[in-house]
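So the mapping is simple: our numbering equals the position in the sequence shown, first residue as 1, plus 21.
Quick reminder that beta carbons are idealized off the backbone N, C-alpha and C, glycines included.
Step one of this worksheet: look at the structure below.
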Amino acid sequence: MDESYNNLPSSHLLGSVPAVVSEEKHATSYEAPEATMQTFPPGNGGGSRPGYQSLGSSSEGFEQQPANNWKGFFSISSYTQYFNVDTDIVINRLISSLHPLSGDFFSKIDANPDLYGLIWISTTLVFMLASFGNCATYLMQKYTNSSASWSFDVSFVNVAACTVYGYAIVVPLAYYFLLQYMGSSASLVRFWCLWGYSLFIFVVTSFLLLIPIELLRWIIILLAGTTSSCFVAFNLKSYMEGNDLTVLVVASFCLQMALAIFIKVWFFP
22 MDESYNNLPS
32 SHLLGSVPAV
42 VSEEKHATSY
52 EAPEATMQTF
62 PPGNGGGSRP
72 GYQSLGSSSE
82 GFEQQPANNW
92 KGFFSISSYT
102 QYFNVDTDIV
112 INRLISSLHP
122 LSGDFFSKID
132 ANPDLYGLIW
142 ISTTLVFMLA
152 SFGNCATYLM
162 QKYTNSSASW
172 SFDVSFVNVA
182 ACTVYGYAIV
192 VPLAYYFLLQ
202 YMGSSASLVR
212 FWCLWGYSLF
222 IFVVTSFLLL
232 IPIELLRWII
242 ILLAGTTSSC
252 FVAFNLKSYM
262 EGNDLTVLVV
272 ASFCLQMALA
282 IFIKVWFFP
């Protein structure tokens, strides 16, 4: 083939494609604006809004409120420490309440006073007095007059709840404020723990008071009341050692005996 045909101009021909001319590109290409990364302030910054917190960090709303703070009185988590007891600890304290002359109960609960005993023993005693009190009246009535009719007394539940809960809460609270007023150190939780466990002997006594013999019932309740009274009085005496507050010790003894007599007269007549 003749190479001269290669030099002929072809731009005027129909359908011809013009040659690409390499020129300097003056068109400005689009450039994305430089991203500005926002940095969040730390969570403990001094700003008015809370800063960024990672998923693993704990929020302030879930922090346990201290017991000495006024918000702690309305937080359930503040009272969990007073229920941190196991079965062995509770049984040991129940047995200690049956040894009234030792006077070392406060030393045993000093590291971990609990409210579990107060609630559990008081609630158990309420149901025991209400149920066994009706059973005792039934047995006593059938023992004296088998032909007489008998009816269940529902008021025993209300009286037992008001008496037991009121005594177990109000009396330690009164002693706490009295000792604070007299300038002596006092712990309300320890007092609640002491009086709560002092009621355990009445739970055991409720079984024995089912015996339909009046004289034996009085002997049982007086022995139980004396044991419970000595338990509270001797431990209070050791707790207030160095302070001349004998009148409060004697008053605690009399209050426990009054409770025992009330239980006998009202629920086991």
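{"Check": "Under 8 Å, do Ala254 and Ser273 count as touching if we go by C-beta distance?", "Outcome": "yes"}
{"Check": "Shortest alpha-carbon distance to Asp174 belongs to which of Ser208, Thr158, Thr248?", "Outcome": "Thr158"}
{"Check": "Within this structure, are the beta carbons of Cys214 and Leu136 separated by less than 8 Å?", "Outcome": "yes"}
{"Check": "What is the rounded straight-line gap between the Cα of Leu115 and the Cα of Phe221?", "Outcome": "7 Å"}
{"Check": "Which runs of the alpha helix (DSSP H) spanning at least 4 residues fall entirely within the segment 207 to 248, listed in chain order?", "Outcome": "209 to 219, 221 to 229"}
{"Check": "Could you tell me the boundaries of the alpha helix (DSSP H) in which Leu269 lies?", "Outcome": "267 to 288"}
{"Check": "For the alpha helix (DSSP H) holding Tyr188, just list the boundary residues, first then last.", "Outcome": "176 to 202"}
{"Check": "Around the Cβ of Gln201, are there at least 16 other Cβ atoms within 10 angstroms (buried) or fewer (exposed)?", "Outcome": "exposed"}
{"Check": "Compare the beta carbon distance of Trp216 and Ala181 with 8 Å and say whether it is the shorter of the two.", "Outcome": "no"}
{"Check": "Just verifying my parser: in three-state terms, what is the DSSP assignment at Ala254?", "Outcome": "helix"}
{"Check": "By the three-class DSSP mapping on this structure, what secondary structure does Asn113 have?", "Outcome": "helix"}
{"Check": "What is the DSSP secondary structure of Gly124, reduced to helix, strand or coil?", "Outcome": "coil"}
{"Check": "Can you have a look at Thr8 and say buried or exposed, based on whether 16 or more other CB atoms are within 10 angstroms of its CB?", "Outcome": "This structure cannot settle anything about residue 8, because the visible part of the chain is limited to 22 through 290."}
{"Check": "Taking only three categories from DSSP, how would you classify Met149?", "Outcome": "helix"}
{"Check": "Do Phe223 and Ile6 have their beta-carbon atoms positioned less than 8 Å apart in this structure?", "Outcome": "Because the chain here runs from 22 to 290, residue 6 falls outside it and cannot be looked at."}
{"Check": "With Phe288 and Leu139 assumed to form a contact (beta carbons below 8 Å), what rounded beta-carbon distance in angstroms separates them?", "Outcome": "Between Leu139 and Phe288 the Cβ distance is about 21 Å, and since that is not below 8 Å, they are no contact."}
{"Check": "Find out if the Cβ-Cβ distance for the pair Ile142, Tyr196 is shorter than 8 Å.", "Outcome": "no"}
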